[in-house]
């Protein structure tokens, strides 16, 4: 979700979802950010942290005390973001459960995301060394909380999943980079059609 309440769905998200309920869970999660005003709250906190950073830099310069204060500010922002993610998870699961979708879909999607993240980490596509600054809670924690929220609607198997129709709908979907529009490999952008790279 972006400021102003705009939601964007990517082809990668569609390819990662396994059924309509999982897609609904992601959309409801993002709508949860919007309805809870998370974007505005985060902007306000970032403005406050920006002001505090300027004051600390002006007063304490490059001292160890200043560096510690700046790190505390970054950690505070990360924790704030993690709390917002957990709140949006709860709002989203409640929304899809009430709409008749399988509320356990959120946990399944998080498991798929975790497997994809693990794959990218093993392949060297991501750097997990900065996880302490992550804006999202760790995935096992989110899956556990998602399952607890979902149980409020009954045992696994409740609600609509609509897997076959969803998979038929995305069958043939273009996924990833296309040579016609250019693509990135490592740190290089390549556009075969135009014959350029940088």
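Residue numbers (the numbering used here): 1040 to 1237. Virtual Cβ for every residue (Gly too), placed ideally from N, Cα, C.
By a beta-carbon distance limit of 8 angstroms, residue 1075 does not contact residue 1144. Their separation comes to about 20 angstroms. Bridge partners of residue 1230 according to DSSP: 1235. By the Cβ rule, the segment 1195 to 1202 counts as touching the segment 1056 to 1066, because three or more pairs are nearer than 8 angstroms. If only complete runs of 4 or more residues are kept, the segment 1043 to 1068 shows the alpha helix (DSSP H) at 1050 to 1055, in order along the chain.
Burial is judged here by how many other beta carbons sit within 10 angstroms of a residue's own beta carbon; residue 1181 has at least 16 and is buried. In the three-state reduction of the DSSP assignment, residue 1190 falls in the helix class. Residue ranges of uninterrupted alpha helix (DSSP H) with 4 or more members are absent from the segment 1086 to 1121; none lies entirely inside it.
The three-state secondary structure of residue 1202, taken from DSSP, is helix. Counting along the chain, residue 1155 sits inside the alpha helix (DSSP H) bounded by residues 1144 to 1161.
The alpha-carbon of residue 1087 is positioned some 11 angstroms away from that of residue 1094. By the 16-neighbour rule on beta-carbons within 10 angstroms, residue 1190 is exposed. The residue from 1210, 1224, 1209 with its alpha-carbon nearest to that of residue 1216 is 1224. Per the DSSP secondary-structure output, residue 1217 pairs in a beta bridge with 1221.
Residue burial annotation: residue 1110 is exposed, with fewer than 16 other C-beta atoms found within 10 angstroms of its C-beta. By alpha-carbon distance to residue 1042, the top candidate from 1071, 1208, 1054, 1051 is 1071. Note that the C-beta distance between residue 1054 and residue 1209 is below 8 angstroms. Remark: C-beta atoms of residue 1077 and residue 1150 do not approach each other more closely than 8 angstroms.
Remark: C-beta atoms of residue 1153 and residue 1067 do not approach each other more closely than 8 angstroms. Counting other Cβ atoms within 10 Å of its Cβ, residue 1129 reaches 16 or more and is therefore classed as buried. When the five nearest sequence neighbours on each side are left out, the beta carbons in the same chain lying within less than 7 angstroms of the beta carbon of residue 1050 are those of 1212, 1213, 1214, in order along the chain.
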